[in-house]
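Chemist:
In our numbering, the protein residues as written are 2 to 78.
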């Protein structure tokens, strides 16, 4: 089983979150889910909506984005 694709949050604007991946990573597809775990253990699910270039996808959060910060890992499911 291949390793899960992991990116990092690069921008947060309300429920819209940009996630950047390394240059050699395969980007998740549109409508794929990403999970971000907050410091208190809460999991926020992000849905990929758009490939905005430079190895970055724009996502929409399915829950509150309180507690999320730039640099946090986002794992493709």
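Heads up, the beta-carbon is just placed ideally off N, CA and C, and yes, glycines get one too.
Of the choices 71, 53, 57, whose alpha-carbon is the least far from that of residue 6?
Modeler: For the purposes of this step, residue 6 is taken as the residue at position 5 of the chain shown. Checking every option, the nearest Cα to that of residue 6 belongs to 57.
Chemist: Taking residue 59 as the reference, give the member of 8, 14, 18 with the closest Cα.
Modeler: Taking the first residue of the chain shown as 1, we reach residue 59 at position 58. When each option's Cα is compared against that of residue 59, the closest is 18.
Chemist: Quick check: the Cα distance between residue 75 and residue 10, rounded to an integer number of angstroms?
Modeler: Locating residue 75 in the chain shown gives position 74, counting from the first residue. Locating residue 10 in the chain shown gives position 9, counting from the first residue. Distance between the alpha carbons of residue 75 and residue 10 is about 7 Å.
Chemist: For residue 8, which option in 16, 55, 43, 15 has the closest C-alpha, if you only look at C-alpha atoms?
Modeler: Numbered from 1 along the chain shown, position 7 holds the residue referred to as residue 8. If we check each option's Cα against that of residue 8, 55 comes out closest.
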